[in-house]
Amino acid sequence: MREIIEKLLEKIGKDSSGSVVFDDSAKNPVEIKKENFHDISGKKTGKKVAFVDGGNLELLKSPSLSLFFNRIYYTIYQNNKRTKSGKFEFYTLISTENKSGKLCFSTDYFFTTGKIDIKKYEFDSFDKKLALGGRRASISLVGNVIRRFAELIVAGTIKADFVVVDGSLEAAYPHEEELLKKEFYGLSKTTGLLTDNGGSAAAALSGLTGKKTWYYDAGDVCFVKLHPKSKYIFRLDAGNSVDELLPILQENSKDPVFPGYPYGLVEADKFARVSNREKEMLKMQLEAAAKKDFEKLVPYIKSMDAHDVLDSVG
Numbered sequence: 657m658r659e660i661i662e663k664l665l666e667k668i669g670k671d672s673s674g675s676v677v678f679d680d681s682a683k684n685p686v687e688i689k690k691e692n693f694h695d696i697s698g699k700k701t702g703k704k705v706a707f708v709d710g711g712n713l714e715l716l717k718s719p720s721l722s723l724f725f726n727r728i729y730y731t732i733y734q735n736n737k738r739t740k741s742g743k744f745e746f747y748t749l750i751s752t753e754n755k756s757g758k759l760c761f762s763t764d765y766f767f768t769t770g771k772i773d774i775k776k777y778e779f780d781s782f783d784k785k786l787a788l789g790g791r792r793a794s795i796s797l798v799g800n801v802i803r804r805f806a807e808l809i810v811a812g813t814i815k816a817d818f819v820v821v822d823g824s825l826e827a828a829y830p831h832e833e834e835l836l837k838k839e840f841y842g843l844s845k846t847t848g849l850l851t852d853n854g855g856s857a858a859a860a861l862s863g864l865t866g867k868k869t870w871y872y873d874a875g876d877v878c879f880v881k882l883h884p885k886s887k888y889i890f891r892l893d894a895g896n897s898v899d900e901l902l903p904i905l906q907e908n909s910k911d912p913v914f915p916g917y918p919y920g921l922v923e924a925d926k927f928a929r930v931s932n933r934e935k936e937m938l939k940m941q942l943e944a945a946a947k948k949d950f951e952k953l954v955p956y957i958k959s960m961d962a963h964d965v966l967d968s969v970g
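My numbering puts the sequence shown at residues 657 to 970.
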């Protein structure tokens, strides 16, 4: 075991220098310099900040059909107090269709709480942004893509001075770029960014400053430490200046459960999450609505759930 520890220490020794390398190859690496660390300071402005997150679970799955339940939640804070919150709930039905000789995934939506202006998307099942290793993309991935799109659409419609979504603002999926043109911000709970020598970018930054709270300017991406006792450094994608936003986020990041992480995002995550218990309830509602027609769905469900049976065996 000690041999493993020594090898780990050897590997993390390379995390203390280099340049930050972004996942988007179009972005130039940013050299790590101590002068890029800045204090978080500013007067209270009374401006509103909104936080948005989403959750979903797959209810039915087969190679040709998938049904997801989605929940998008937003909350708005002013002077560190919640002033408004809301949610949208809907089902996404994804089906496989032949379009001009290509197998594509098509989407349909069924709203139960509120309504989002989201268009019906089609995805080439071999699109390089979805497929892995040259294999056809999983139909289930589309359900998560649509949840992400719904988060961005909701974020783009909220009336607040700042809007913060969970996750980065780098376009990872087909059609996502068009939804990222609004000026909002993305805070990532985790970041996989590396330095050019293969180290962790967040780890490389953590030991280079004595400041208790700070932000590191890396262009349209910042790294932030929002609480003196926090052990976490978060990535903040910025669609605009962060000078006024950061003091607001810092004030909102004092909850003892997760110091250094904005409580607005904790709240959004909590109320957007779809539990497994809720999943089972939704499946029962679906079965009750289908009545005798449910038997027609069974072959589609059973074609993909053998792993679930084995997992339940323990």
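Positions of the beta carbon are idealized from the N, C-alpha and C atoms, including for glycine.
Original post:
Can you tell me whether Gln-906 is buried or exposed, with buried defined as 16 or more other CB within 10 angstroms of its CB?
Top reply: buried
**OP:** Could you have a look at Leu-836 and say whether DSSP puts it in helix, strand or coil?
**Re:** coil
Original post:
Exposed or buried, Asp-893, counting other C-beta atoms within 10 Å across all chains shown (16 or more means buried)?
Top reply: buried
Subject >> Selection from Ile-795, Ile-660, Asp-695 that minimises the alpha carbon distance to Phe-879 >> reply: Asp-695
Original post:
Between Asn-896, Ala-928, Ser-796, which lies nearest to Thr-731 when the distance is taken from Cα to Cα?
Top reply: Ala-928
Original post:
Between Tyr-858 and Thr-847, is the Cβ-Cβ spacing less than 9 Å?
Top reply: One detail in the question is off: residue 858 reads as Ala in this sequence, not Tyr. Yes, the Cβ-Cβ distance between Ala-858 and Thr-847 is below 9 Å.
Original post:
Pick from Asn-692, Lys-663, Phe-707, Glu-687: whose alpha carbon is nearest that of Asp-925?
Top reply: Phe-707
Subject >> Limits of the unbroken alpha helix (DSSP H) element including Ala-857 >> reply: 857-862
Subject >> Bridge partners - Thr-763, DSSP secondary structure assignment >> reply: Ile-750
Original post:
DSSP on Ile-732, reduced to helix/strand/coil?
Top reply: strand
Original post:
Since Arg-804 is in the alpha helix (DSSP H), which residue starts that stretch and which ends it?
Top reply: 795-811
Subject >> For Tyr-872, three-class secondary structure by DSSP >> reply: strand
Original post:
Excluding the five sequence neighbours on either side, which residues of its own chain have a C-beta within less than 7 Å of the C-beta of Thr-769, listed in chain order?
Top reply: Lys-743, Phe-744, Glu-745
Subject >> Sub-9 Å separation of Val-898 and Tyr-841 beta-carbons >> reply: yes
Subject >> Three-state class that DSSP yields for Gly-823 in the structure shown >> reply: coil
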